[in-house]
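Colleague: This is the structure, below, for whatever I ask next.
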């Protein structure tokens, strides 16, 4: 039962409208305000003839980044490490760690090349999306290239940072990331449905994903129908081992609240996580596709994105997108997971957009028009 049926109707109208114009196959959504449920619903199909449901599990991707950064900041609060500590203290054999700090990894200002943007990873992943890669494989791909800039002087989105940070946390604590996160983050927050299965498995019931993104890699001619089930593609490339997670919409909404309020952190560490100190300090760089100036519309803290007055994470990969977002001033939490119909993919390239990021912003604008987040260009 919704605490506010009128607001629930407004949320679901946005969901239905976005499903139509963004060509979505399924949407699972959960919205709460000050802990009161506004809407938790699933719309569309997981598979043909199989409706999506609110108890379905799906991969959470970059959501786990905010758990890893929370664990790091807890260690800072416990005076076990400092954000200014050089990574070489624990990982001396990884190139450039004598120049890079734990804090720079967490804020993605280290300068490490994102292995995802390299042909070495991209080509191999699309040739065989079921293959397993190790953190050592991923780090070797990145560090075969020089740093993009002197650590701390710019910013680029790079998965490499959190792969290395995960290995550092293992050395610092003497335990694997999966058990570390369970003990320090997931367990205390009661996120019982957020786990790293250790394999490409997804607990049942699983939300199925489909994609056309391998079209160019497989040389499928433009206009020839191409759409494949990507549900069980191996996500070992996405983040550090132990944080390659699946979740549910209920846990995702609870995450929005917990991360958005800094539940597990000291006030000082919470403010560090939400820092906007990169605004005006970052630039584009030739050859760096994810280097860009930070602004109030998008700025990166320690494992969290700020957009306007909202804090969020918004993963997109392998035919699935998601987002959680929280507005601290009005205690609004939004969680969405979406999959895509074939029409969502460019018929020539197979490219597609993060419609979950658009969807949560539209929901936010409907609920709190006076504090609506900025919309991405072209949406």
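Numbering (the working numbering), first residue to last: -4 to 374.
The C-beta atom is built at its ideal place from N, Cα and C for all residues, glycine as well.
(1) Report yes if the C-beta distance between residue 246 and residue 175 is below 7 Å; otherwise report no.
(2) Given residue 217, which residues of its chain have a CB within under 7 Å of its CB, disregarding the five upstream and five downstream residues?
(3) Report the residue from 346, 54, 213 and 227 whose alpha carbon sits nearest the alpha carbon of residue 337.
(4) Please go through the same chain and pick out, in chain order, the residues whose beta-carbon is closer than 8 Å to the beta-carbon of residue 13, but skip the five residues on each side of it.
(5) By Cβ distance, which residues of its chain are closer than 7 Å to residue 165, with the 5 residues on each side in sequence left out?
(6) From the DSSP output, which residues share a beta bridge with residue 85?
(7) If you reduce the DSSP assignment to three classes, tell me which class residue 404 lands in.
(8) Taking only three categories from DSSP, how would you classify residue 324?
(9) Inspect the CB distances between the segment 269 to 287 and the segment 80 to 99 and report whether three or more fall short of 8 Å.
(10) By DSSP's criteria, residue 305 is part of a beta bridge. Which residues make up the other side?
(11) Determine whether the beta carbon atoms of residue 329 and residue 26 lie at a separation below 7 Å.
(12) If you follow the beta strand (DSSP E) that residue -1 is part of, which residue opens it and which one closes it?
(13) Is it the case that the Cβ atoms of residue -3 and residue 33 are separated by a distance below 7 Å?
(14) Classify residue 39 as helix, strand or coil using the three-state DSSP reduction.
(15) When you compare the segment 198 to 206 with the segment 104 to 111, are there three or more beta-carbon pairs, one atom per stretch, that lie closer than 8 Å?
(16) Indicate whether the contact test is met: 3 or more Cβ pairs, each with one atom in the segment 249 to 266 and one in the segment 312 to 325, closer than 8 Å.
(17) Does the segment 208 to 216 come close enough to the segment 271 to 289 that 3 or more CB-CB pairs lie under 8 Å?
(18) Tell me where the alpha helix (DSSP H) around residue 244 begins and ends.
(19) If you draw a straight line from the alpha carbon of residue 420 to that of residue 88, how long is it in whole angstroms?
(20) In whole angstroms, what separates the C-alpha of residue 311 from that of residue 55?
(21) Closest to residue 148 by C-alpha separation, out of 123, 305, 104 and 264, would be which residue?
(22) List the DSSP bridge partners of residue 22.
(23) May I have the straight-line CA-CA distance separating residue 286 from residue 139, to the nearest angstrom?
(24) Should the segment 117 to 127 be called in touch with the segment 66 to 73, which here means at least 3 C-beta pairs below 8 Å?
(25) Would you tell me roughly how many angstroms separate the C-alpha atoms of residue 370 and residue 303, rounded to the nearest one?
(26) Report buried or exposed for residue 16, applying the criterion of at least 16 other Cβ atoms within 10 angstroms of its Cβ.
(27) Measure the CB-CB distance between residue 85 and residue 163 and report whether it falls below 7 Å.
(28) Restricting to runs no shorter than 4 residues, where is the alpha helix (DSSP H) found entirely within the segment 94 to 149?
(29) Out of 262, 257, 301 and 259, which one is the CA nearest neighbour of residue 274?
(30) Less than 7 Å between C-beta atoms, sequence neighbours within five positions excluded: which residues of the same chain meet that for residue 151?
(31) Do you know whose CA, among 373, 160, 289 and 255, lies nearest residue 30's CA?
(32) Which first and last residues belong to the alpha helix (DSSP H) in which residue 156 is found?
(33) For residue 363, I'd like the list of residues in its chain whose CB is within less than 7 Å of its CB, leaving aside the five on either flank, ordered along the chain.
(34) Check whether the Cβ atoms of residue 100 and residue 60 sit closer than 7 Å, and answer yes or no.
(35) So for residue 178, helix, strand or coil by DSSP?
(36) Using CA coordinates, which residue listed in 155, 91, 75 and 145 is at the minimum distance from residue 137?
Modeller: In short:
(1) no
(2) 342 and 343
(3) 346
(4) 19, 22, 350, 353, 354 and 357
(5) 171 and 172
(6) DSSP, once it has assigned bridges, lists no residue as partnering residue 85.
(7) Outside the shown range of the chain, which is -4 to 374, sits residue 404, and nothing can be said about it.
(8) coil
(9) no
(10) 302
(11) yes
(12) That residue, residue -1, is in no beta strand (DSSP E); it is neither H nor E in DSSP.
(13) yes
(14) strand
(15) no
(16) yes
(17) no
(18) 244 to 256
(19) The question about residue 420 has no answer, for the chain in this structure spans -4 to 374.
(20) 9 Å
(21) 104
(22) 38 and 333
(23) 19 Å
(24) no
(25) 10 Å
(26) exposed
(27) yes
(28) 97 to 102, 114 to 122 and 130 to 138
(29) 301
(30) 103, 109, 143, 283, 285 and 286
(31) 255
(32) 154 to 168
(33) 322, 325 and 327
(34) no
(35) helix
(36) 155
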